Amino acid sequence: MPVFTPIPHEQFVADVLAIAAALHADRQWKPDFIIGIGRGGLAPAVYLSHATGMSMLSVDHSSQVHDFADAPLERLAARTRAGERLLFLDDINDSGATIAKLRAKLAAAGADMAGIRFATLLDNIVSSQRVEYRAREIDRTVTKDWFVFPWEAVAPAASIAADAAEVPQRIA
Numbered sequence: 001m002p003v004f005t006p007i008p009h010e011q012f013v014a015d016v017l018a019i020a021a022a023l024h025a026d027r028q029w030k031p032d033f034i035i036g037i038g039r040g041g042l043a044p045a046v047y048l049s050h051a052t053g054m055s056m057l058s059v060d061h062s063s064q065v066h067d068f069a070d071a072p073l074e075r076l077a078a079r080t081r082a083g084e085r086l087l088f089l090d091d092i093n094d095s096g097a098t099i100a101k102l103r104a105k106l107a108a109a110g111a112d113m114a115g116i117r118f119a120t121l122l123d124n125i126v127s128s129q130r131v132e133y134r135a136r137e138i139d140r141t142v143t144k145d146w147f148v149f150p151w152e153a154v155a156p157a158a159s160i161a162a163d164a165a166e167v168p169q170r171i172a
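Letter by letter, the sequence shown follows residues 1 to 172 of the UniProt record's numbering.
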């Protein structure tokens with residue numbers, strides 16, 4: 001049985017502000033847009049957009065619907081070739097699968113990868129992918145909790161349990 005760990009709204013806001021502070025402190029790289037990765041990165045991207053005053057766009061990766069997942073990545077890749085910088089934001093870098101897929105699709109679309117960075121609220125230090133900005137780190141070899149972010153907390157408990165059951169290796 002997984003351990004469900006709710007992330008209180010106050011912690012979520014603190015995490016967003018930590019990423020905003022890291023972006024502010026980085027004098028070498030500033031994004032032109034924050035890209036919320038659907039589903040889990042959309043709410044954090046809205047908050048980060050407000051915290052930084054930066055514009056936000058979105059990619060609905062979780063939908064797996066070409067017009068909302070892959071097609072926007074192709075358009076975003078073109079923007080990087082024109083010199084724009086994009087910060088992709090997700091709730092958690094767990095296995096690294098989402099970030100790896102996005103990086104591969106952006107590269108295949110000809111993106112200038114120097115113009116792309118990733119941020120997450122939670123960053124698994126043993127993930128296959130690294131992010132440039134994070135609010136907090138976890139180690140999945142130690143922490144097996146299934147984190148329930150504020151926007152997920154409104155889902156029925158059975159739905160949250162079903163989501164966790166889809167990736168048992170992360171919580172076992």
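Ideal Cβ positions, reconstructed from N, Cα and C, are used throughout, including at glycine.
Predicted model, so just to flag it, every value in this text is computed and none were measured.
Item to complete: Return helix, strand or coil for I138, following the three-state DSSP convention.
Response: In the sequence shown, counting from the first residue as 1, residue 138 sits at position 138. Looking at I138 - three-state DSSP - the assignment turns out to be strand.
Discussion item. Between the alpha carbons of H61 and D94, how many angstroms are there, rounded?
Written reply: Residue mapping note: residue 61 aligns to position 61 of the sequence shown, counting from 1. Residue mapping note: residue 94 aligns to position 94 of the sequence shown, counting from 1. Roughly 15 Å separates the two Cα atoms.
Worksheet entry | Residues near M113 in its chain [Cβ-Cβ closer than 8 Å; skip 5 each side] | Counting from one through the sequence shown, the residue named residue 113 turns up at place 113. Hits under 8 Å: T80, R103, L106 and A107.
Worksheet item: Is it true that the CB of S49 sits closer than 8 Å to the CB of S58?
Response: As a first step, residue 58 must be located in the sequence shown, where it is residue number 58. As a first step, residue 49 must be located in the sequence shown, where it is residue number 49. It is not a contact, given that the beta carbons lie outside the stated cut-off.
Worksheet item: Is the number of C-beta pairs between the region 134-144 and the region 14-27 that are closer than 8 Å three or more?
Response: The region 134-144 makes contact with the region 14-27: 3 or more CB pairs, one atom from each, lie closer than 8 Å.
Discussion item. Runs of 3 residues minimum, wholly inside the region 61-89: which ones carry the beta strand (DSSP E) assignment?
Written reply: The DSSP assignment places no complete run of the beta strand (DSSP E) inside the region 61-89 (cut-off: 3 residues).
Worksheet item: What three-state label does DSSP hand R27 in the structure shown?
Response: Numbered from its first residue, the sequence shown carries residue 27 at position 27. Coil, per DSSP.
Discussion item. Based on DSSP bridge pairs, tell me the residues matched to W146.
Written reply: Within the sequence shown, residue 146 is the residue found at index 146, counting from 1. In DSSP, W146 forms a bridge with F4.
Fill in: Member of E166, I125 and I92 whose CA lies at the smallest distance from the CA of I40
Taking the first residue of the sequence shown as 1, we reach residue 40 at position 40. Position check: residue 40 holds Gly in this sequence, whereas Ile was assumed. For G40, the nearest C-alpha among the options comes from I92.
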